[in-house]
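Residue numbers (UniProt numbering), protein chains in the order written: chain A, 1 to 359; chain B, 1 to 267; chain C, 1 to 309.
Report on the structure given below.
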Amino acid sequence: MTAATADLELLSITKNFNSFVAVDSVNLKVGRGEFVAIMGPSGCGKTTLLRILAGLETASSGQLYISGKDVSDVPVNLRSTRLVWQNYALFPHLDVGGNIAFGLTLKPYDKAVVAGKVKAMAELVGLSDFMGRKISQLSGGQKQRVALARALVTEPEILLLDEPLSALDAHLRIRMQGELRRIQRQLGMAFIYVTHNQVEAFSMADRVVVMNKGRIEQIDAPEEMYARPKTEFVARFVGTNNLFTGRIQEIGHDRVIVHCAHGQVVVMTDDPPPVGASVFVVVQADKLTPAPIGLAGENRLDATLRGREYAGSHNIYLLDLVDGTEVKMTMPQILPVEINRPVTAWFSPQNAALIRGAA
Amino acid sequence: MRGNPWIFAGRLWLGLAYAFMFLPLVVLVLFSFQKNRFPGFPLQGWTLQWYDKLFSDGTLLNALGNTMIVSPAAATIATAIAFFAAYAFNRFAFRGKTAFLALVTLPILIPPLILGVGFLGLLARIHLSGTLFAVFLTHVVLITAPALAIIQLRLSQMPVSLEEAAWDLGATEWQTVKKVVLPFALPGIFGAWLLAFTFSFDEFIIAWFVSGFQPTLPVAIYSVLVAAIDPSLNAIGTIVFGISCLVLIGLELVLLPLLLGKSENQS
Amino acid sequence: MSSIDEAPPSRRMRTPNDSPLKVWFLAPLGLWLILLFLLPLLFLLWIGFWRVENFQAIPDFSLSNYTDIFASFFSKSRYGLAMIQSLWVAITTAFFATILSYMVALSIAFAVPARWQRLALLLAIAPFWSSYVLRLYAWQTILSRNGVINSIMRLVGLSDYRIDIIYTQIATRIGLIHYLAPILIVILYVSILAIDRVLIEAARELGCTRWQAFTRVVLPLSRFGLMTAGSFAVIVSLGDALSGNLLGGGAGTSIIGKLPTYASMIMSDYSSSTNLPRTSALATILIAVMVLALAVGFVLADRARRRIG
Chain A
1 MTAATADLEL
11 LSITKNFNSF
21 VAVDSVNLKV
31 GRGEFVAIMG
41 PSGCGKTTLL
51 RILAGLETAS
61 SGQLYISGKD
71 VSDVPVNLRS
81 TRLVWQNYAL
91 FPHLDVGGNI
101 AFGLTLKPYD
111 KAVVAGKVKA
121 MAELVGLSDF
131 MGRKISQLSG
141 GQKQRVALAR
151 ALVTEPEILL
161 LDEPLSALDA
171 HLRIRMQGEL
181 RRIQRQLGMA
191 FIYVTHNQVE
201 AFSMADRVVV
211 MNKGRIEQID
221 APEEMYARPK
231 TEFVARFVGT
241 NNLFTGRIQE
251 IGHDRVIVHC
261 AHGQVVVMTD
271 DPPPVGASVF
281 VVVQADKLTP
291 APIGLAGENR
301 LDATLRGREY
311 AGSHNIYLLD
321 LVDGTEVKMT
331 MPQILPVEIN
341 RPVTAWFSPQ
351 NAALIRGAA
Chain B
1 MRGNPWIFAG
11 RLWLGLAYAF
21 MFLPLVVLVL
31 FSFQKNRFPG
41 FPLQGWTLQW
51 YDKLFSDGTL
61 LNALGNTMIV
71 SPAAATIATA
81 IAFFAAYAFN
91 RFAFRGKTAF
101 LALVTLPILI
111 PPLILGVGFL
121 GLLARIHLSG
131 TLFAVFLTHV
141 VLITAPALAI
151 IQLRLSQMPV
161 SLEEAAWDLG
171 ATEWQTVKKV
181 VLPFALPGIF
191 GAWLLAFTFS
201 FDEFIIAWFV
211 SGFQPTLPVA
221 IYSVLVAAID
231 PSLNAIGTIV
241 FGISCLVLIG
251 LELVLLPLLL
261 GKSENQS
Chain C
1 MSSIDEAPPS
11 RRMRTPNDSP
21 LKVWFLAPLG
31 LWLILLFLLP
41 LLFLLWIGFW
51 RVENFQAIPD
61 FSLSNYTDIF
71 ASFFSKSRYG
81 LAMIQSLWVA
91 ITTAFFATIL
101 SYMVALSIAF
111 AVPARWQRLA
121 LLLAIAPFWS
131 SYVLRLYAWQ
141 TILSRNGVIN
151 SIMRLVGLSD
161 YRIDIIYTQI
171 ATRIGLIHYL
181 APILIVILYV
191 SILAIDRVLI
201 EAARELGCTR
211 WQAFTRVVLP
221 LSRFGLMTAG
231 SFAVIVSLGD
241 ALSGNLLGGG
251 AGTSIIGKLP
261 TYASMIMSDY
271 SSSTNLPRTS
281 ALATILIAVM
291 VLALAVGFVL
301 ADRARRRIG
């Protein structure tokens, strides 16, 4: 994607609060109609980044382009972005209709035009029957719809959402996820969605951005991010992964042998690091399966069963390897092994990923 | 808690306190309708003669008129100044903010007697003393601080994101103040105005120094009072008491929920 | 790396804190305060050094007002004695007003069911909103020799006993307490409300009697509120002339003697002489005394707060 077709482009955006670096030279391109989720632990700078896009904070350095125009110095009220707040930030003195119409009433539009747009938008988000309600009479989900409609009715180029579903209960959250996705597709508008909720990010977004300490760790499609984390942080943050530290021992034509503390591990890869390089081997917990004791072959993990957690649809087994490394294995079946008895786990070389470690 | 002697003692004391607090008001209203030349018992029968005297004499009514010009005007200007300042104090961080806030509070801490002498000195110098306008100017100084405190209390309950949302939707700062902050602050503004009005309405000593031949009501009452006991004072007192009751009801609806931190329209 | 590293020079941009409204919105208040508060106050200090010739105040820098005042401070013009009278009346008034108001605040907080407390507080402060001058007038009719109380006593056959406190400083104090009580009750009620009820329950659980729970938990924790209320009461009482004039009769008797309070004296001094320079000098002295009183109050309150923290 180039800057010409990108809806939004961030060039080396940095934000300092005195000596604290909240956002550290972030580069990001978002295409037209793309749904991008920004994810990370609290304090990683994702909300600050969103506020910079909205114009509520100003970057200490760097540039911001929207539809090819440099908007770095454009004040918040003249930007073509709209923000949806976590706490909705609805105007308590206006009713639902008044809230939705707010942005339009600031411009010299004809009253009938405003009414028409508000009505259409209310229909889109399913609020037609609530136009005269007071904000204090709405449920959380309805407030969320009002906040969405209020932003969308002004026809922004990009919609920014700051953990918009975090105040809703689980059931409603899943319904709203689907609806947000539907509305986004229908309007063909770029959505940038900040969340700390991995499930939310992965189930809605076209691409996921993982941030840590103000920096972007990885930008990828959800499946790719899940299957092939590129950094140790992402591997630990995303999903339930097992990490083994080791060094490249040998390089084959499509695979490498990694020497780890507990033994050798074989990993399939097209892009092997040089021999001797320090790496992490990442194996998802559900890719581990028990192997009969004594079975010869690669990627055997001789371990002791330390505990079992029952999580409804599946069981989580905690294993200790011979060198003390803790490993998680999940599977639906019950493992016929008692606690503190030996168990051997196994994974396929295709199901492991390599991350280059620190040199 | 049944049978706790302290509760009984507390309620008894509260009853005594109410009796003490309301005694003067009861006496005032009662004797404004009694024939007694000097308030006392036995009662000599009901009458409206003191109201007649009040309305035919006109001195006190004139003064009430003066006050009803000065106090609403002073309360309005003070509330407007206080609203803008409260907004700025609430939103901005700047050097010397604490000192500025301390300066605003100072006029309430300095006894009005001293302020009165000071105002008189300055206003006489610029030939403004002895006018209602002088009373207006000085009352604004006195009542801005309480108005500011009330409005600040209200604005501190406003989530920052509310203003940001308005900017984000395309409102200029001024549009935001007008369309979002002002409506939000309205209960506070209303309470602040009533409080400011009451303070100005009741203020005596500054007005005594600077009002000259256009006395406000408390000054006029005082000059009647030092001359003789006049039951028309009971009559005007009852009228003033009526006005206070209206203010009080207004304040009960607005101010106490603010002070005791029970805000109902928080979203 | 890429061309991104040739970053544009960092620039200063607008932030929400950086807005022209900051100046515009604070300017009216600032101007008003400077022109109509600081300026008069400075003027007051300055006029104290003017002199009076042929009933005209002449700008000057002379100490004659102060030497006049202090030359006769404790003798014929009784300025100093009035100040002592004022301090005596103010401190005793503040003492009683604070204790009595504290008892009211305690009663509201602990002896009134929670849902009635707001109403109880509202009733207690209601008289504050009616005119002070009128309330003093009402007290005059209540306390005077043939007033409401004495006429009732006569009516019930107790004519041998009559209260004779009008035009004494006791009457002055009654007027002041009536004026101060609503404000003090609010201050003290809020400070009692701030005390965590769990602490009191914990004390009771540990075997304290109700009285012990009060003296060991509630009282120490409301000490700061008491100090605040007390110093506020002292300042207001020192600056008030009305109660002294109307109920104390100008120069009311107290155990110190038949002397006016300092504030009453400033008022009567000005209305009889219209000597603004001398009045200003007298007011300046009052400011000095109050700053001193405030400083003492502040130190005491601070010490009380530290004992809590």
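By construction, the Cβ of each residue, glycine as well, lies at the ideal position given by its N, Cα and C atoms.
Contact with chain B by T330(A), beta-carbon distance below 8 Å
Within the first sequence, numbered from 1, the residue matching residue 330(A) stands at position 330. Chain B contact via Cβ: absent.
DSSP-derived helix/strand/coil call for D5(C)
In the third sequence, counting from the first residue as 1, residue 5(C) sits at position 5. Note that D5(C) scores a pLDDT of 36, beneath 50, so its modelled location is shaky and nothing firm can be said.
Pick out whichever of L162(B), G40(B), L148(B) and E203(B) has its Cα sitting closest to the Cα of S130(C).
Within the third sequence, residue 130(C) is the residue found at index 130, counting from 1. The shortest Cα separation from S130(C) among L162(B), G40(B), L148(B) and E203(B) belongs to E203(B).
Within chain C, partners of R11(B) - CB distance below 8 Å
In the second sequence, residue 11(B) corresponds to position 11, counting from 1. Neighbours of R11(B) on chain C, chain order: S107, A111 and V112.
Under 8 Å between C-beta atoms, does M10(A) make it to chain B?
For the purposes of this step, residue 10(A) is taken as residue 10 along the first sequence, with counting starting at 1. The sequence as given places Leu at residue 10(A); Met does not occur at that position. Closer than 8 Å: no.
For R278(C), count neighbouring Cβ atoms within 10 angstroms of its own Cβ and tell me buried if that reaches 16, exposed if not.
Position 278 of the third sequence, counting from 1, holds the residue named residue 278(C). Classification for R278(C): buried.
With 8 Å as the threshold, decide whether the Cβ of I229(B) is near any Cβ in chain C.
As a first step, residue 229(B) must be located in the second sequence, where it is residue number 229. Yes - at least one Cβ of chain C is within 8 Å of the one on I229(B).
In chain order, what residues of the same chain lie with their CB nearer than 6 Å to the CB of T105(B), ignoring the 5 residues before and after it?
Within the second sequence, the letter at position 105 stands for residue 105(B). So the qualifying residues of the chain are A145.
Does DSSP put F92(B) in a helix, a strand or coil?
As a working note, residue 92(B) is residue 92 in the second sequence. Coil, per DSSP.
May I ask which residues mark the beginning and end of the alpha helix (DSSP H) holding W129(C)?
For the purposes of this step, residue 129(C) is taken as the residue at position 129 of the third sequence. No alpha helix (DSSP H) contains W129(C), which DSSP labels as neither H nor E.
Please name the residue in W88(C), L39(C), L26(C) and Y161(C) whose C-alpha comes closest to that of G244(C).
Here the question's residue 244(C) lines up with position 244 in the third sequence. Minimum Cα distance to G244(C) is reached at W88(C).
Taking only beta carbons into account, state which residues of the segment 171-204 of chain B come closer than 7 Å to chain A, listed in chain order.
A171, T172, Q175, V180, P183 and F184
State yes or no: is the beta carbon of A124(C) nearer than 8 Å to at least one beta carbon in chain B?
What you label residue 124(C) is simply residue 124 of the third sequence in a count that begins at 1. It does; some Cβ of chain B falls within 8 Å.
Beta-carbon within less than 6 Å of G132(A)'s beta-carbon, same chain only, minus the 5 sequence neighbours each way: which residues are those?
The residue you call residue 132(A) lines up with position 132 of the first sequence. The answer, listed in chain order, is D95.
May I have the straight-line CA-CA distance separating T58(A) from L50(A), to the nearest angstrom?
Counting from one through the first sequence, the residue named residue 58(A) turns up at place 58. Counting from one through the first sequence, the residue named residue 50(A) turns up at place 50. Distance between the alpha carbons of T58(A) and L50(A): 11 Å.
Out of G250(B), I221(B), L251(B) and R11(B), point me to the one whose CA is closest to A138(C)'s CA.
As a first step, residue 138(C) is located in the third sequence; it is residue number 138 there, counting from the start. Nearest C-alpha to A138(C): I221(B).
How big is the Cα-Cα spacing for A227(B) and Y132(C)?
Mapped onto the second sequence, residue 227(B) falls at position 227. Mapped onto the third sequence, residue 132(C) falls at position 132. So the alpha carbons of these two residues sit roughly 18 Å apart.
With a 10 Å radius around its C-beta and 16 neighbouring C-beta atoms as the bar for buried, classify Y189(C) as buried or exposed.
Locating residue 189(C) in the third sequence gives position 189, counting from the first residue. The residue in question, Y189(C), is buried, as its Cβ has 16 or more Cβ neighbours within 10 Å.
What's the call for N65(C), buried or exposed, on a 16-neighbour Cβ count within 10 Å?
Within the third sequence, numbered from 1, the residue matching residue 65(C) stands at position 65. By the 10 Å Cβ count, N65(C) comes out buried.
Within 10 angstroms of the Cβ of H171(A), are there 16 or more other Cβ atoms? Answer buried if so, exposed if not.
Sequence index remark: in the first sequence, residue 171(A) carries index 171 (1-based). Burial call: exposed.
Anything in chain A within Cβ reach of A165(B), meaning under 7 Å, just list it in chain order.
Within the second sequence, the letter at position 165 stands for residue 165(B). Per Cβ cutoff of 7 Å: W85 and A89.
Interface partners of T154(A) on chain B, CB under 7 Å:
On the first sequence, position 154 is the one that residue 154(A) refers to. Within 7 Å Cβ-Cβ: L169 and G170.
For A59(A), which of helix, strand or coil comes out of DSSP?
Here residue 59(A) refers to the residue found at position 59 of the first sequence. In this structure, A59(A) counts as coil in the three-state DSSP scheme.
At the 8 Å Cβ level, is S244(B) part of the contact set with chain C, yes or no?
As a position in the second sequence, residue 244(B) is number 244, starting the count at 1. It does; some Cβ of chain C falls within 8 Å.
Can you tell which of E326(A), L321(A) and H314(A) has its C-alpha closest to the C-alpha of D302(A)?
Reading the first sequence from its first residue, position 302 is the one you call residue 302(A). Of the candidates E326(A), L321(A) and H314(A), the one whose C-alpha sits nearest the C-alpha of D302(A) is L321(A).
Between which two residues does the beta strand (DSSP E) containing N241(A) stretch?
Position 241 of the first sequence, counted from the first residue, corresponds to residue 241(A). First-last of the beta strand (DSSP E) with N241(A): N241 to I251.
Boundaries (first-last residue) of the beta strand (DSSP E) holding T195(A)
Looking up residue 195(A) in the first sequence gives position 195. Note, T195(A): beta strand (DSSP E), A190 to T195.
Among G239(C), D269(C) and R303(C), which has the Cα closest to the Cα of I91(C)?
Your numbering for residue 91(C) matches position 91 in the third sequence. Nearest of G239(C), D269(C) and R303(C) to I91(C), Cα basis: G239(C).
Identify every run of the alpha helix (DSSP H) within the segment 145-216 of chain A, keeping only runs that are complete inside it and at least 4 residues long; order them along the chain.
170-187 and 198-204
Does E232(A) come out as helix, strand or coil in the three-state DSSP assignment?
Here residue 232(A) corresponds to residue number 232 of the first sequence, with the count starting at 1. In the structure shown, E232(A) sits in a helix (DSSP, three-state: H, G or I).
E223(A) versus V76(A): straight-line alpha-carbon distance, rounded:
Here residue 223(A) corresponds to residue number 223 of the first sequence, with the count starting at 1. Here residue 76(A) corresponds to residue number 76 of the first sequence, with the count starting at 1. Near 35 Å, if we compare the C-alpha coordinates of V76(A) and E223(A).
Around the C-beta of G257(C), are 16 or more other C-beta atoms found within 10 angstroms, so that it is buried, or is it exposed?
As a position in the third sequence, residue 257(C) is number 257, starting the count at 1. Answer is exposed; the Cβ neighbour count stays below 16.
Output needed in chain order: residues of the segment 78-103 of chain C with a Cβ under 7 Å from some Cβ in chain B.
M103
Among L119(C), S144(C), G30(C) and L41(C), whose alpha-carbon lies nearest the alpha-carbon of I249(B)?
For the purposes of this step, residue 249(B) is taken as the residue at position 249 of the second sequence. Closest option to I249(B), Cα to Cα, is L119(C).
Find the residues of chain B that neighbour F224(C), judging by a C-beta separation of less than 7 Å, and give them in chain order.
Within the third sequence, the letter at position 224 stands for residue 224(C). Those do not exist, as F224(C) stays about 18 Å from chain B at its closest Cβ, beyond 7 Å.
Might you give, ordered along the chain, the residues of its own chain that have their beta carbon closer than 7 Å to the beta carbon of G45(A), omitting 5 neighbours on each side?
If you number the first sequence from 1, residue 45(A) lands on position 45. These residues qualify, in order along the chain: A22, V23, M211 and G214.
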